[in-house]
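Here's the structure, in structure tokens; my notes come after.
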DNA sequence: CGAATCATTGAACGACCTCAAGTTTTGTGG
DNA sequence: CCACAAAACTTGAGGTCGTTCAATGATTCG
């Protein structure tokens, strides 16, 4: 077996689906994980309406998921960092209702649904984990709804930065300095804004000294100021 | 056993969790369904941060779910009609992350989680149904994100009416005439608008003859016009 | 019947968008 | 490695849609 598929040695195991599984069951889980060739920037992991045969976990890199609305415009639904699962939206009809694209060279673990389902029946705690992760997805969508509904552009921008900071921190990276792997346009679309507005807001935060931004590199100088903006 | 708990005789069974279960398994499922006293208008089904011991299905009436954001303001997350499940957002940490309140006198079926989990292990097709319904919830949240991000107030309003029409139709009710069970304020909040804007938009649609609205009674006179607005 | 809640309507303001031009960075082929 | 084109990003000016504030009307309920 390929070294890379060993969950036991994966630094992300505590954030991932098999979190909390006893060693013997973790070993069972490892056997269903498939490797996939790394994806290059702008390469699709899956496309809307594709038949869904697997779920995917980000191992390295990052992804953007989005939906084509009826008029053909894209709507970004979310960004995925290491340890996060993608593909749940296909559970209803067996086909993906969104597309997922690599924002940089990225690796994923593939979890074939047929095997995953069988294993869930054998391992109740894996079953619970599945539901927990699904609940997390729903909660995160609710937070996004919250953000989009009644927040000013500035609040949206600050929240976006704080959430990224939080997620990178959970991954063991710096919570004050990181690189945005997505375009301004992607952020704007995700937040229900225009890229011009995003550009201006980042410039303003930069000017106020709250962040230092250079292209895609962000340094948060005053995290509390961001929190004040969000309230 | 109370008659009301018999899923076999429930007109909603095709929309509900046990959809597609063979008769013997449906009978098993029925044994875990608990009755609950009907809820009156403005009565909470559950509150944010409550420990989640059960999921709930709307049997009659309707509900509004919402989240208190940090500043204490409410954000309406969704409206629930008969056949729809509530409570999934609690899967992550075992506590509800939203509150649910009856919009009118309403009945629910209660599905105790402990028993439901056990049964899912025994009945694989129930397990699949759970995931399917969860996928539906996620897809519906994604549609809401889509709606909130880049749609004009008019598009939001038209979409809202069309979705209600569609859902009432699926329940066997008229798709052209129904009563709104929620306040203008609730609709506004749900759509990321103000109640004044909702009022004006409904008045405008009424003026154009596309709908006829009288307080909470809506008649859709020209469903195609609504679809044109949505595109 | 009176108070409270819900809904409607008007006028003015402002946040964000649109349009447009310019700058910086990235990518490609010679 | 350079030249050039394309893409990404920034910045400015003006316009618009939806909000805010305010007043009035309709309905519900004790």
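Chains as they are written, first to last, in the UniProt record's numbering: chain B, 1 to 231; chain S, 1 to 231. Don't be surprised by glycine CBs; every beta carbon is placed ideally from N, CA and C. Small disclaimer: the values here were computed from a predicted structure and weren't measured.
Sorted by chain position, which residues of the same chain lie with C-beta nearer than 8 Å to residue i's C-beta, five sequence neighbours on each side aside?
i	result
residue 33 (chain B)	5, 7, 109, 110 and 111
residue 172 (chain B)	11
residue 166 (chain S)	175
residue 209 (chain B)	221 and 222
residue 183 (chain S)	195
residue 230 (chain B)	155, 158, 159 and 162
Taking CB distances under 8 Å as the criterion, tell me whether residue i reaches chain S.
i	result
residue 20 (chain B)	no
residue 183 (chain B)	no
residue 231 (chain B)	yes
residue 172 (chain B)	no
Could you tell me how far apart the beta carbons of residue i and residue j are, in whole angstroms, since I believe they sit closer than 8 Å?
i	j	result
residue 102 (chain S)	residue 63 (chain S)	6 Å
residue 79 (chain B)	residue 89 (chain B)	Rounded, the Cβ-Cβ distance is 15 Å, inconsistent with contact.
residue 148 (chain B)	residue 211 (chain S)	Actually they are not in contact, since the Cβ atoms of residue 148 (chain B) and residue 211 (chain S) sit about 26 Å apart, beyond 8 Å.
residue 120 (chain B)	residue 113 (chain B)	Actually they do not touch by this definition, with Cβ atoms about 10 Å apart.
residue 60 (chain B)	residue 107 (chain B)	5 Å
residue 180 (chain B)	residue 218 (chain B)	6 Å
Please return the same chain residues whose Cβ sits closer than 7 Å to the Cβ of residue i, not counting the five positions on each side in sequence.
i	result
residue 74 (chain S)	66, 68 and 189
residue 77 (chain S)	65, 66, 67 and 98
residue 164 (chain B)	178
residue 186 (chain S)	64 and 76
residue 51 (chain S)	94 and 95
Any beta carbon from chain B within less than 8 Å of residue i's own beta carbon?
i	result
residue 11 (chain S)	no
residue 14 (chain S)	no
residue 136 (chain S)	yes
residue 209 (chain S)	no
residue 1 (chain S)	Legend: pLDDT at residue 1 (chain S) = 46, less than 50; position of this residue unreliable, value from coordinates given subsequently. No, no contact with chain B.
Starting from the C-beta of residue i, find all residues in its chain whose C-beta is less than 6 Å away, skip the five residues before and the five after it, and write them out in chain order.
i	result
residue 205 (chain B)	211
residue 15 (chain S)	83
residue 18 (chain B)	7, 26 and 29
residue 1 (chain B)	At residue 1 (chain B) the pLDDT is 46, less than 50, meaning the model places this residue with poor confidence and gives no usable figure here.
residue 116 (chain S)	none
Chain B contacts from the region 139-169 of chain S (Cβ-Cβ distance under 7 Å): Going along the region 139-169 of chain S in chain order, one finds 139, 141, 142, 144, 145, 146, 148, 149 and 150 with a Cβ nearer than 7 Å to chain B.
Cβ contact check for the region 82-92 of chain B and the region 121-141 of chain B: 3 or more pairs under 8 Å: With the cut-off at 8 Å, the region 82-92 of chain B and the region 121-141 of chain B touch.
Inter-stretch contact at 8 Å, needing at least 3 Cβ pairs: the region 141-157 of chain S / the region 201-215 of chain S: Contact holds: three or more Cβ-Cβ distances are below 8 Å.
Contacting positions in the UniProt domain "Cyclic nucleotide-binding" (17-101) of chain B - beta carbon closer than 8 Å to chain S: Cβ proximity to chain S below 8 Å picks out 67, 69, 70, 71, 73, 75, 77, 88, 89, 90, 91, 92, 93, 97 and 98 from the UniProt domain "Cyclic nucleotide-binding" (17-101) of chain B.
Selection of the region 122-134 of chain B by Cβ proximity to chain S, strictly under 9 Å: Here the close residues are 124, 127, 128, 130, 131, 132, 133 and 134.
Chain S contacts made by the region 100-121 of chain B, where a contact means CB separation under 8 Å: 117, 120 and 121: these are the residues of the region 100-121 of chain B whose beta carbon lies less than 8 Å from some beta carbon of chain S, given in chain order.
Any 3 or more C-beta pairs closer than 8 Å across the region 37-50 of chain B and the region 91-107 of chain B: Enough Cβ pairs lie closer than 8 Å, so yes.
The region 194-206 of chain S: positions lying closer than 7 Å to chain B by Cβ: The region 194-206 of chain S vs chain B, Cβ under 7 Å: nothing.
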